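Worksheet for the structure shown next.
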Amino acid sequence: MNRVIAAAIVAAVIAAQNIPARAQPAPPADIAAIEACLKKAEDDNRFGTACIGLIAYPCRDKAQGDIAKTKACAARELAAWSALMATAVKRVQAGGFKEINAAVAESEKGWIKLRDSLCPVFDKVEPGTLPGDAAYCRLQTTAHRVLLLRKLADAVNER
């Protein structure tokens with residue numbers, strides 16, 4: 038049963054990212070940069086929210102208002118956070134707590150619903166509300182979920 042739940046969680050995480058099939062996997066350097074930022078945040082007893090946008094915001098600034106490039110910046114960082122999410126989910130599962138793994142799997146459904154109903158709204162409002170529109174919303178919601186899952190993984194693995 039644990040393997041079924043684990044497989045369902047990993048499949049949901051991968052499918053849920055809503056990244057177009059043509060999207061490239063996250064560059065290892067992007068993942069490493071975010072990981073280093075998260076390590077520093079942990080060392081400073083911080084949650085890691087300051088690490089969100091680490092890749093996308095400097096990229097967005099270079100895009101100089103080009104919406105397609107701005108969205109690509111968000112997609113690039115989203116790919117990194119998506120990889121980090123898959124790792125965090127696996128770490129939670131490694132803790133071996135059936136109830137916790139089931140709760141994570143169940144919460145995935147709610148998180149996907151939240152992201153898929155809220156983020157498209159940003160494509161309909163005046164540009165500038167959230168530069169990059171829905172792409173940045175997906176980045177933000179994914180990154181925040183990763184931060185929570187990492188904390189949970191630390192707890193269930195007694196780190």
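Position one of the sequence shown corresponds to residue 38 (our numbering), numbered consecutively onward. We put the CB at the ideal spot given by N, CA and C, even for glycine. These numbers come from a predicted model, not from an experiment.
Counting other Cβ atoms within 10 Å of its Cβ, LEU176 reaches 16 or more and is therefore classed as buried.
Where LEU91 is concerned, there is no enclosing alpha helix (DSSP H), because DSSP gives it neither an H nor an E. For ILE68, same chain residues with a beta-carbon under 6 Å away, outside a window of 5 residues either side, are ALA117 and ALA120 in chain order. Cβ contact annotation for ASN194 (same chain, cutoff 8 Å, sequence separation greater than five): ARG128, ALA131 and GLY132, in chain order. Between CYS96 and LEU75, the C-beta gap is not smaller than 8 Å, which leaves the two residues out of contact.
Remark: C-beta atoms of GLU114 and ALA100 do not approach each other more closely than 8 Å. Rounded to whole angstroms, ARG152 and GLY102 show a C-alpha spacing of 25 Å. Linking LEU186 to ALA63 through their CA atoms gives a straight-line distance of about 19 Å.
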